[in-house]
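Here the structure is laid out as structure tokens; the discussion comes afterwards.
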Amino acid sequence: MSAATAAAPLPQPPRVVPAAMGVSHHHNPGPPSPSKEVRELRKIISATELELHEIQQIGFIGHGERPSLVIEEELALYVRLQELKRRERDLTNNRQRVTHSPGAQGHRSPEASDSQLFSPTRHSVHLPVTSPNPPPQPSHPPLGPSLSSIPHSPPYTSPSFPLSHPPPSNLPLTPSLCGEEDVLRVGLPDGMRTAVKVQHGLTLRQALKKPMTTRNLSTSRCVVYVNHKNHRQRFIDWATDTSVLGGQEVMF
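Residue numbers (full-length UniProt numbering): 1 to 252.
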């Protein structure tokens, strides 16, 4: 054998991926087990639901109106709970898609797939991390905003929520125009609508006494706000004079 022949490089065998690292196409083990991040999310969801249930009981003993601070904290907990559930669904659905796609997890662990495809922020970005050295992921990523950062949020509905509408944001009241046939439109909790004639010296409590009594409602258990066309609301007191609300719409 010549020296040239002896120095020739040997052909490299094809790389074999162990069965433990690849995806088997001959056996379907069923739905993948939840990742660590999903399990942690479910624990936090359970704790948040319990906290929301407890705060919902505050302010309904007796006949006094609920403090605005309690209402705002209740709303913030509800918004955070919905965000947690949305993230759990996104992570679970993405994990199932990655698991059942051929070759999608050949060189990636189940734990890494969730953390790489979802950024630990409130609005997840469905893009894989391409950096060779991604920043370390925190063990408990921030799950939604803090209570103090959401003083006001969009309206929502929930069967378990004791209030028909959330506390509104601050917007100035618009006085009615003089000389108009001023009518105050009212949205009721059962989805019905009514209207009352505005009158100087007539409060909201007095004007809506009849429709509220008919529906077994009490001002001590309801909040009222002005409903604007831009879907923003302003919380008002039941003692507000109806003369400043002509041509507008209130809901409770």
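Even for Gly, the Cβ is constructed at its ideal location relative to N, Cα and C.
A quick note: this is a predicted structure, and the numbers were derived from the prediction, not measured.
Excluding the 5 residues flanking residue i on each side, which residues of the same chain have their C-beta closer than 8 angstroms to its C-beta?
{"i": "L77", "result": "T48, E51, L52, I55, L147"}
{"i": "W238", "result": "T203, L204, R205, T219, V224"}
{"i": "I45", "result": "L81, L84, K85, E88"}
{"i": "V38", "result": "E88, L91, T92, R95, D114"}
Take residue i and list the residues in its own chain whose beta-carbon comes closer than 7 angstroms to its own, dropping the five residues that flank it on each side.
{"i": "D190", "result": "R215"}
{"i": "T213", "result": "none"}
{"i": "R193", "result": "R185, V186, G187"}
{"i": "Q57", "result": "none"}
Identify the continuous beta strand (DSSP E) that holds residue i and give its terminal residues.
{"i": "T242", "result": "T242 -> no beta strand (DSSP E), and no H or E assigned at all."}
Going by DSSP in three states, residue i sits in which element: helix, strand or coil?
{"i": "Q233", "result": "strand"}
{"i": "M192", "result": "coil"}
{"i": "L217", "result": "coil"}
{"i": "L75", "result": "helix"}
{"i": "L81", "result": "helix"}
{"i": "L208", "result": "coil"}
{"i": "A4", "result": "Bear in mind that a pLDDT of 46 at A4, under 50, signals an unreliable position, so the number given afterwards is only what the model happens to contain. Note: A4 maps to helix in three-state DSSP."}
Residue range of the alpha helix (DSSP H) that residue i falls in?
{"i": "V186", "result": "Not the alpha helix (DSSP H): V186 falls in the beta strand (DSSP E), residues 183-187."}
{"i": "R42", "result": "36-56"}
State the beta-bridge partners of residue i as determined by DSSP.
{"i": "Y225", "result": "F235, M251"}
{"i": "T203", "result": "D241"}
{"i": "K197", "result": "V183"}
If I measure Cβ to Cβ from residue i and keep anything under 6 angstroms in the same chain, skipping five residues before and after, which residues do I get?
{"i": "T121", "result": "Here T121 scores only 42 on pLDDT, less than 50, and its place in the model is too uncertain to base an answer on."}
{"i": "S243", "result": "V198, H200"}
{"i": "C222", "result": "F252"}
{"i": "R185", "result": "A195, E249"}
{"i": "T240", "result": "L204"}
{"i": "P211", "result": "T194"}
{"i": "L217", "result": "none"}
{"i": "S158", "result": "In this predicted model, S158 has a pLDDT of only 39, less than 50, meaning its place in the structure is not dependable; the value taken from the coordinates is given anyway. If we look at S158 and ignore the five residues flanking it on each side, it has no Cβ neighbours."}
Counting only C-beta atoms, is residue i closer than 7 angstroms to chain B at any point?
{"i": "R42", "result": "As a matter of chain content, chain B is missing from the structure shown, which is built from one protein chain."}
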